[in-house]
Every structure is written in structure tokens, then in C-alpha cells.
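Since the structure comes first, as C-alpha cells, the remarks are kept for the end.
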Amino acid sequence: MSTLESVFWHVLGYAAMPTIFVMGFVGVAVVSLAILSKWDKDQ
Numbered sequence: 001m002s003t004l005e006s007v008f009w010h011v012l013g014y015a016a017m018p019t020i021f022v023m024g025f026v027g028v029a030v031v032s033l034a035i036l037s038k039w040d041k042d043q
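Counting with my numbering, you get residues 1 to 43 for the letters of the sequence shown.
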């Protein structure tokens, strides 16, 4: 494996975990807001 490939995979590996956490947080926030706004309209 070349140095460039090694650097690429290291960056990808370090970027993956925070991306997964952030996307999970954003997903939960969007779903929660959608449920709350629908629940608010029903009342």
C-alpha cells in the first residue's frame, strides 16, 4: 500500500466515527421535531 493510500484510509477511518455520531444526532433531532410538530397540530 502506498503512502497516499495509507493517508487516505487513515483520514477516512478518523472521519467515519464523528460523521456517524453527527448524522445520528441530526436524524434523531429531525424525527423528534417532526413528531412534536405533528402532535402540536393535532391538539
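For glycine and all other residues, C-beta sits at the position ideal for the given N, C-alpha and C.
Residue j beta carbon less than 9 Å from that of residue i
{"i": "residue 9", "j": "residue 1", "result": "yes"}
Close-in-space but distant-in-sequence residues of the same chain around residue i (CB under 7 Å, 5 per side omitted)
{"i": "residue 12", "result": "none"}
Coil, strand or helix - residue i by DSSP
{"i": "residue 32", "result": "helix"}
{"i": "residue 37", "result": "helix"}
{"i": "residue 6", "result": "helix"}
{"i": "residue 17", "result": "helix"}
{"i": "residue 23", "result": "helix"}
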